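Asks: Under our numbering, the residue at position 55 of the sequence shown is numbered 557, and the numbers go up by one with no gaps.
A virtual CB, placed ideally from N, CA and C, is assigned to each residue, including glycine.
The structure displayed is predicted, hence computed values, not measured ones.
Next up is a structure, given as structure tokens.
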Amino acid sequence: MVGGSARSRAPRECARDPEAWPHAVVDDVAAAVVQTIARRLADALHERGLSRRGAADLLGVNRQTIADVIEGRCWPDVATIARLETGLNTPLWPPLARR
């Protein structure tokens, strides 16, 4: 379950070792999707030499939101993911087989 009380915990808190986020083992399917998004977003910023602040300015997404997604502190919404994917021209959402 993702809604309700399950969303009261951050995605990283669903990891077996939250301190190892975004590389920890995650059993919750929704948290695993957010984990993949976090890794792909961090990799895309690194590949482009963008800081989180630089990405925020370029993509029109709040810097804190970018940080929270990467650090697994929030459940990103579809609009945010769409803006990030479009602005970076990079798929962030994992294919079905990886979930």
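1. Per DSSP, what are the beta-bridge partners of A517 in this structure?
2. Applying the 10 Å Cβ sphere with the 16-neighbour rule, what's the burial state of P524?
3. Looking at the secondary structure, which residues open and close the alpha helix (DSSP H) in which D570 lies?
4. Return helix, strand or coil for R509, following the three-state DSSP convention.
5. Could you tell me the distance, in whole angstroms, from the CA atom of L598 to the CA atom of L547?
6. By Cβ distance, which residues of its chain are closer than 7 Å to N564, with the 5 residues on each side in sequence left out?
7. With a CB to CB cut of under 7 Å and the five nearest residues on each side skipped, what residues in its chain are close to D602?
8. Between which two residues does the alpha helix (DSSP H) carrying G589 extend?
9. Within a Cβ cutoff of 6 Å, which residues of the same chain sit near D570, ignoring the five residues on either side of it in sequence?
10. Cα-Cα, which of S510, T592 and L586 is closest to R554?
Replies: In brief:
1. Residue mapping note: residue 517 aligns to position 15 of the sequence shown, counting from 1. For A517, which the question treats as bridged, DSSP gives the partners V528.
2. As a working note, residue 524 is residue 22 in the sequence shown. Flag for P524 reads buried.
3. Within the sequence shown, the letter at position 68 stands for residue 570. D570 -> alpha helix (DSSP H) spans R565 to E573.
4. Numbered from its first residue, the sequence shown carries residue 509 at position 7. The answer is helix: DSSP assigns R509 an H, G or I state.
5. In the sequence shown, residue 598 corresponds to position 96, counting from 1. In the sequence shown, residue 547 corresponds to position 45, counting from 1. Each residue's Cα considered, the two are about 24 Å apart.
6. Locating residue 564 in the sequence shown gives position 62, where the first residue counts as 1. Here the set comprises A558.
7. Outside the shown range of the chain, which is 503 to 601, sits residue 602, and nothing can be said about it.
8. In the sequence shown, residue 589 corresponds to position 87, counting from 1. That run of the alpha helix (DSSP H) goes V580 to L590.
9. Within the sequence shown, numbered from 1, the residue matching residue 570 stands at position 68. Correct list, in chain order: C576.
10. For this step, residue 554 is matched to residue 52 along the sequence shown. Among S510, T592 and L586, the Cα nearest to that of R554 belongs to L586.
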